[in-house]
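Written below as structure tokens is the structure these notes are about.
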DNA sequence: ACTAAATGCAACTATATGGTTGCCAATCTG
DNA sequence: CAGATTGGCAACCATATAGTTGCATTTAGT
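Chains as they are written, first to last, in this note's numbering: chain C, -2 to 109; chain L, -2 to 109.
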């Protein structure tokens, strides 16, 4: 069962980073990072952008799995999903670890 | 000295994430994550893309500060720069922390 | 001096992205 | 029911992005 686990192994974190690569989307995530759920109208309230623009950004975030929306009544509420964030974090941790590793090996070599 | 420190306060991690949001660029970073320095020719050796395409990606990474290139002889060597990666990491740490925080507050509330 | 290697620069194409506007549908609320 | 909120859909625009090709330039080797 090397790849058919329940968590759908992340083959490529690039889409997640891509979704994070926009100011507006980052601010949306910030607003949702308190765990609360918010409607599109609410999320587009204090921005200069159109509601539609915000909607598009939310779709992008949703596609990347960073956010999840469900319709409740006439509004659609969005909530943050922490999993992809953890994934991105661990990816960066990996790069940083390799880097540190290389550094310490280099140091060991130099100091011999 | 609130903003003129040596670390060049990060006002917006979005560009860094944007630079990370591409498979090809991530693979370039991986190749460089051992701390070694590599030429463009070397970096475009085992890809299906053109050398020019790789060059462009390297420029993007360089603009985001993730990589640094210097010309040595006839080739230009690129090296990874860990600072922006640390920055991106700490940003994600922040979001995750807020999330966890909200969760524990919620738990405290529910369990009362 | 000549040739091969490694880049840089520019032009060009196709597609994705961010944003807008207009309009229609669903859902509350008085 | 009538009117106001909230959102979805579609068309459209401008710009950015990913990638290509062709050609000129610099540097290394022999």
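C-beta: ideal position from N, C-alpha, C; glycine also.
8 Å Cβ cutoff met for residue i and residue j
{"i": "residue 41(C)", "j": "residue 74(C)", "result": "no"}
{"i": "residue 61(C)", "j": "residue 79(C)", "result": "no"}
{"i": "residue 76(C)", "j": "residue 46(C)", "result": "no"}
{"i": "residue 54(L)", "j": "residue 25(L)", "result": "yes"}
{"i": "residue 91(C)", "j": "residue 103(L)", "result": "no"}
{"i": "residue 190(C)", "j": "residue 72(C)", "result": "As shown, chain C starts at -2 and ends at 109. That puts residue 190(C) outside it, with no answer to give."}
{"i": "residue 63(L)", "j": "residue 13(L)", "result": "yes"}
Those residues which DSSP pairs with residue i across a bridge
{"i": "residue 77(L)", "result": "64(L)"}
{"i": "residue 72(C)", "result": "69(C)"}
{"i": "residue 35(L)", "result": "75(L)"}
Buried or exposed (CB count within 10 angstroms, at least 16 for buried), residue i
{"i": "residue 67(L)", "result": "exposed"}
{"i": "residue 100(C)", "result": "exposed"}
{"i": "residue -1(L)", "result": "Caution applies to residue -1(L), whose pLDDT of 46 falls short of 50 and renders its modelled position unreliable; the model cannot decide the point."}
{"i": "residue 22(C)", "result": "buried"}
{"i": "residue 8(L)", "result": "exposed"}
{"i": "residue 1(C)", "result": "Reliability of the predicted coordinates at residue 1(C) is poor, the pLDDT of 47 falling under 50, and the value obtained from them is presented with this limitation in mind. That one is exposed."}
Given 8 Å, three or more beta-carbon pairs between the segment 81 to 89 of chain L and the segment 7 to 27 of chain L: yes
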